[in-house]
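Take a look at the structure below.
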Amino acid sequence: QVQLVESGGGLVQPGGSLRLSCTVSGSIFSITTPGWYRQAPGEERELVAAITSGDTTHYLDSVKGRFTISRDNAKNTINLQMNNLKPEDTAVYYCNAFEPRRGRTLWGQGTQVVVSS
Numbered sequence: 005q006v007q008l009v010e011s012g013g014g015l016v017q018p019g020g021s022l023r024l025s026c027t028v029s030g031s032i033f034s035i036t037t038p039g040w041y042r043q044a045p046g047e048e049r050e051l052v053a054a055i056t057s058g059d060t061t062h063y064l065d066s067v068k069g070r071f072t073i074s075r076d077n078a079k080n081t082i083n084l085q086m087n088n089l090k091p092e093d094t095a096v097y098y099c100n101a102f103e104p105r106r107g108r109t110l111w112g113q114g115t116q117v118v119v120s121s
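Everything in the sequence shown is counted per my numbering, starting at 5 for the first residue and increasing by one.
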């Protein structure tokens, strides 16, 4: 059964960097259009970044130029490099993907990111 497991969250000061990783159990080729969402307290979950099988990327306007999504097929990971972090980036970040074989959307358990001085 394909699962997504996030890692790499934590506390960082404004202007700092974090790298989130999403490990796909099984093969990364069993999922399509993986991405990262985030949800701040009292807010709706929003798409932060996504990457297609052809490595086309999409970003939330507020993170363009600061965040970079990438995939490592050899390690079965989807990564989110976050630079110049701001307090408004504070949220729980979730990895997301679609599993065509079972026709279901997958979510990881979430990883907390706190940007604060």
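Virtual Cβ for every residue (Gly too), placed ideally from N, Cα, C. Here the structure is a predicted model, which is why all the values come from computation and not from measurement.
Identify whether residue i lies in helix, strand or coil by the three-state DSSP scheme.
| i | result |
| --- | --- |
| residue 32 | helix |
| residue 67 | helix |
| residue 93 | helix |
| residue 88 | coil |
Hey, residue i and residue j are a contact pair by Cβ (cut 8 Å); roughly how many whole angstroms apart?
| i | j | result |
| --- | --- | --- |
| residue 6 | residue 25 | No, residue 6 and residue 25 are not in contact; Cβ-Cβ is about 16 Å, not under 8 Å. |
| residue 75 | residue 38 | 7 Å |
| residue 54 | residue 32 | Not really, about 14 Å apart at Cβ, beyond 8 Å. |
Considering only the alpha carbon of each residue, which of the options lies closest to residue i?
| i | options | result |
| --- | --- | --- |
| residue 111 | 99, 118, 119 | 99 |
| residue 67 | 92, 83, 58 | 92 |
Ignore the nearest five residues each way along the sequence and tell me which others in residue i's own chain have a CB closer than 7 Å to its CB.
| i | result |
| --- | --- |
| residue 44 | 94, 95 |
Buried or exposed for residue i, going by 16 or more other Cβ atoms inside 10 Å?
| i | result |
| --- | --- |
| residue 42 | buried |
Leaving out five residues on either side along the sequence, give the residues of the same chain with a beta carbon under 6 Å from the beta carbon of residue i.
| i | result |
| --- | --- |
| residue 109 | 102 |
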